[in-house]
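Residue numbers (my numbering): 102 to 783. Don't be surprised by glycine CBs; every beta carbon is placed ideally from N, CA and C. In this text, all values refer to a predicted model and were calculated from it rather than measured experimentally. Here is the structure we will look at, set down as structure tokens.
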């Protein structure tokens, strides 16, 4: 059966406006399903045609936009079969004999983990389900059992050592752009990769490993066994396949944003399954911001009774840019995590049952799970953190495209009671927001009465088919009208807006403590969302967590938001600070012993969200700020700016790239993004 090709089709990304495709028409979209088809695609391209691989379309940068032909490893619409198999042809049968001998040690899994080999289109949520639910290492586990007379220490279950906050990306798409979580005691997802299978321009393919003298020493795979497999005639013969065991080249290809070619597959390290305990508390930005530079302080070294002696591993600080208390304070939600000794829930809610058990048993198909990528986030019971409950209000609101009706009703009632009591009945939200612009609240009573009625009318007119951002845009236009000549009404409208923002944020970042399996805690994505995460603008900026410019950057975003709210605009989204250890990847963004990423993501339906995201990107590129932008999000970096930030590591990356290019100048994987950012051989 020939490879599927489509012509003139629209192409868009997950977080774009679903009503308007990013590219209404494309020259060609190809859907390879095997290594053979991928090699043929790269070998047979016309000299004037360039290729570009895409995965799940979760990225918001222009990195995956091709000059000509798009290559889909996982069709985001799931209309064409993905190239997403879990492979058993290398592991275990082609592992190095000395490594297999070391793996007989019962302590090996706890010390070093196991390995899993997947095609490029495998989604993260599918793989964590297989690692846990189906025991993906059954092939290796069975092999170890057979050569050790029955030892089962490789039986699993297994887990990712770390991952980002969502599992919808393909594994390869995530690590090749530098995606990360908030585990500051380890590197990002890319640092779990131990081997890569790359198909380069011209169709030559490469098995690439780093030199490993510790974990998987003396080397992961046996060269003769690999060559016997991948040097077969159907892959172009032995002259079309090469094994590279070079740490510098591996570190270059690891995060390469698709520039080296198309990654067919990757081998990742997995660890024994574990549980996590998460704790979230509300604080004030002004109280905690100076603690961030203290790596030895309580922010990074807290304890948790439920976690026993485990050390804290994760830190996230979510900042509310809309201020309260007379513009002097900003809320933050501070989330911390620890390894937990026993919190086994999460599998039923996040992975579910195997729907094709017969095909799995006979080895013809990977498992299809009932809940993986198809459900709300795991929701702990408020009265028992070791139990689950129904999804929360926000998750349901996002799933059915309705707005947070209850929160707005609460804000409206609080304003109404304050007005009707002539200022004597002060609710918690009103007290927190307090004085606006130096004008006493009592002076705003008349104007607040009008806005209470206005909010009630807007609530009555809600259309469930509208998106969250569209609802908020209508409310903002009424409350923050820049053309309102009456300063009292403008102050009252701003007060009402800040009250709503305060209530929304305290609801989303309310106190929380719970434990569950690793992926149920780390993957907080609502896969039923239809409203809250579409038509999004997002940028992510990386700093040395100890650098004072990090705090100045957040303070500048707060100042920008205060100013634009005065002008009738506002930001609807989140600013999330997460902390990671360093990466081995040459152009990975995590370049410091502790790196802080600041993700600024807003809904473009609200006028002001995109303005703030664009401001954040421009500020990051300021030569006095020198933030590093995420390859997979908004990234307007120019060549000189990238060279300044990555220095000699970029030189080494380019040197590695030159080794994979054909003799002719027009290699097939350049695109407008790589030419602008300088991800080119020279």
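Starting from the Cα of residue 739, find the closest Cα among 756, 750, 753 and 721 and give me that residue.
In the chain shown, the residue the question calls residue 739 occupies position 638. Ranked by Cα distance from residue 739, the first of 756, 750, 753 and 721 is 721.
I'd like to know whether the C-beta atoms of residue 548 and residue 589 end up nearer to each other than 8 Å.
Locating residue 548 in the chain shown gives position 447, where the first residue counts as 1. Locating residue 589 in the chain shown gives position 488, where the first residue counts as 1. Yes, the pair counts as a contact, with Cβ atoms nearer than the cut-off.
If we count Cβ pairs, one from each stretch, closer than 8 Å, do we get three or more for the region 662-682 versus the region 693-702?
yes
Using a Cβ cut-off of 8 Å (strictly closer), state whether residue 223 contacts chain D.
Although the question refers to chain D, the structure presented lacks it and comprises just one protein chain.
Can you check whether the CB of residue 344 is closer than 8 Å to the CB of residue 321?
Along the chain shown, one-based indexing puts residue 321 at 220. Along the chain shown, one-based indexing puts residue 344 at 243. Not closer than 8 Å, so no.
Less than 8 Å separating the beta-carbons of residue 468 and residue 147?
For this step, residue 468 is matched to residue 367 along the chain shown. For this step, residue 147 is matched to residue 46 along the chain shown. No, these two residues do not count as a Cβ contact at 8 Å.
Tell me the DSSP secondary structure of residue 378 in three-state form.
Here residue 378 is taken as the residue at index 277 of the chain shown, counted from 1. The answer is strand: DSSP assigns residue 378 an E or B state.
Just grab the DSSP bridge partners of residue 308 for me.
By one-based count along the chain shown, residue 308 stands at place 207. Answer is 298 and 344, bridged to residue 308.
Where does residue 668 fall in DSSP's three states?
Your numbering for residue 668 matches position 567 in the chain shown. It is coil, neither helix nor strand.
Excluding sequence positions up to five away, which residues of its chain have a Cβ less than 6 Å from the Cβ of residue 528?
Within the chain shown, numbered from 1, the residue matching residue 528 stands at position 427. 515.
For residue 596, report the span of its alpha helix (DSSP H) as first-last.
Numbered from 1 along the chain shown, position 495 holds the residue referred to as residue 596. Residues 588-609.
Note down the Cα distance separating residue 659 from residue 686, rounded to an integer number of angstroms.
Locating residue 659 in the chain shown gives position 558, where the first residue counts as 1. Locating residue 686 in the chain shown gives position 585, where the first residue counts as 1. Approximately 32 Å between the Cα atoms of the pair.
Is it buried or exposed, residue 537, if we count other Cβ atoms within 10 angstroms and call 16 or more buried?
Numbered from its first residue, the chain shown carries residue 537 at position 436. Model confidence at residue 537 stands at a pLDDT of 46, short of 50, so the residue's coordinates are unreliable; what they give is reported in the following sentence. Buried: at least 16 other Cβ atoms inside 10 Å.
Taking only the alpha-carbon atoms, compute the straight-line gap between residue 198 and residue 348 and give it to the nearest angstrom.
Counting from 1 along the chain shown, the entry for residue 198 is found at position 97. Counting from 1 along the chain shown, the entry for residue 348 is found at position 247. Going by the C-alpha atoms only, they are around 21 Å apart.
In terms of DSSP beta bridges, what is residue 729 paired with?
Taking the chain shown and counting its residues from 1, the one referred to as residue 729 is at position 628. DSSP lists 643 as partners of residue 729.
Once the 5 residues before and after residue 540 are set aside, which same chain residues still bring their CB inside 6 Å of it?
Within the chain shown, the letter at position 439 stands for residue 540. Residue confidence is low: residue 540 scores 48 on pLDDT, short of 50, so the model does not pin down where it sits. Its coordinate-derived value is still stated next. Contacts found: 592.
Kindly provide the ranges of any beta strand (DSSP E) runs that are 3 or more residues long and lie completely inside the region 671-756, ordered along the chain.
674-681 and 696-704
Using a Cβ distance threshold of 8 Å, determine whether the region 594-606 contacts the region 729-739, with at least three qualifying pairs required.
no
Mind pulling the alpha helix (DSSP H) runs of 4 or more residues that sit fully within the region 360-425?
Within the region 360-425, the runs of alpha helix (DSSP H) at least 4 residues long that lie entirely inside it are, in chain order, 386-389.
Per the contact definition of three or more C-beta pairs closer than 8 Å, is the region 248-261 in contact with the region 372-390?
yes
Let's test the definition: count the other Cβ atoms within 10 Å of the Cβ of residue 391 and tell me whether it reaches 16, buried, or not, exposed.
Within the chain shown, residue 391 is the residue found at index 290, counting from 1. So residue 391 counts as exposed.
Residues in its own chain within less than 7 Å of residue 753 by CB, not counting five upstream and five downstream?
To locate residue 753, count along the chain shown from 1; it is residue 652. Hits under 7 Å: 349, 353 and 687.
Who are the Cβ neighbours of residue 418 in its own chain at under 6 Å, not counting the five residues just before and after it?
By 1-based counting over the chain shown, the position of residue 418 is 317. The residues are 433, 435 and 678.
One question on the structure: do residue 234 and residue 393 come within less than 8 Å of each other, judged by their Cβ atoms?
Sequence index remark: in the chain shown, residue 234 carries index 133 (1-based). Sequence index remark: in the chain shown, residue 393 carries index 292 (1-based). Their beta carbons are not under 8 Å apart, which means residue 234 does not touch residue 393 by this criterion.
If you drop the 5 nearest sequence neighbours on each side, which residues of the same chain put their C-beta closer than 7 Å to that of residue 779?
In the chain shown, residue 779 corresponds to position 678, counting from 1. These residues qualify, in order along the chain: 740, 743 and 744.
From the DSSP output, in three-state form, read off residue 192 for me.
Locating residue 192 in the chain shown gives position 91, counting from the first residue. The answer is coil: DSSP assigns residue 192 none of H, G, I, E or B.
For residue 284, write down the residues that DSSP places opposite it in a beta bridge.
The sequence position of residue 284 within the chain shown is 183, counting from 1. Its beta-bridge partners are 415.
Look at the alpha carbon of residue 284 and the alpha carbon of residue 271, and state the distance between them as a whole number of angstroms.
Counted from its first residue, the chain shown places residue 284 at position 183. Counted from its first residue, the chain shown places residue 271 at position 170. Cα-Cα distance, rounded: 20 Å.
Assess, as a yes-or-no matter, whether the region 107-114 is touched by the region 123-134 under the definition of 3 or more beta carbon pairs within less than 8 Å.
yes
Once DSSP output is grouped into helix, strand and coil, what is the label at residue 354?
The residue you call residue 354 lines up with position 253 of the chain shown. It is helical.
Which residues does DSSP list as the beta-bridge partners of residue 171?
Taking the first residue of the chain shown as 1, we reach residue 171 at position 70. Residue pairing from DSSP places residue 171 in a beta bridge opposite 130 and 153.
Determine the extent of the beta strand (DSSP E) in which residue 75 is found, giving its start and end residues.
The question about residue 75 has no answer here: the residues shown for the chain are numbered 102 through 783.
Look at the Cβ atom of residue 266, then the Cβ atom of residue 159, and state whether they are nearer than 8 Å.
Here residue 266 corresponds to residue number 165 of the chain shown, with the count starting at 1. Here residue 159 corresponds to residue number 58 of the chain shown, with the count starting at 1. Going by C-beta atoms, residue 266 is not nearer than 8 Å to residue 159.
In angstroms with no decimal places, state the Cα-to-Cα distance between residue 737 and residue 723.
Numbered from its first residue, the chain shown carries residue 737 at position 636. Numbered from its first residue, the chain shown carries residue 723 at position 622. The alpha-carbon atoms of residue 737 and residue 723 are separated by roughly 12 Å.
Starting from the Cα of residue 189, find the closest Cα among 117, 220 and 161 and give me that residue.
Numbered from its first residue, the chain shown carries residue 189 at position 88. Of the listed residues, the one whose Cα sits closest to residue 189 is 220.
Going by DSSP, name the residue or residues bridged to residue 614.
The residue you call residue 614 lines up with position 513 of the chain shown. Residue 614 is bridged to 380.
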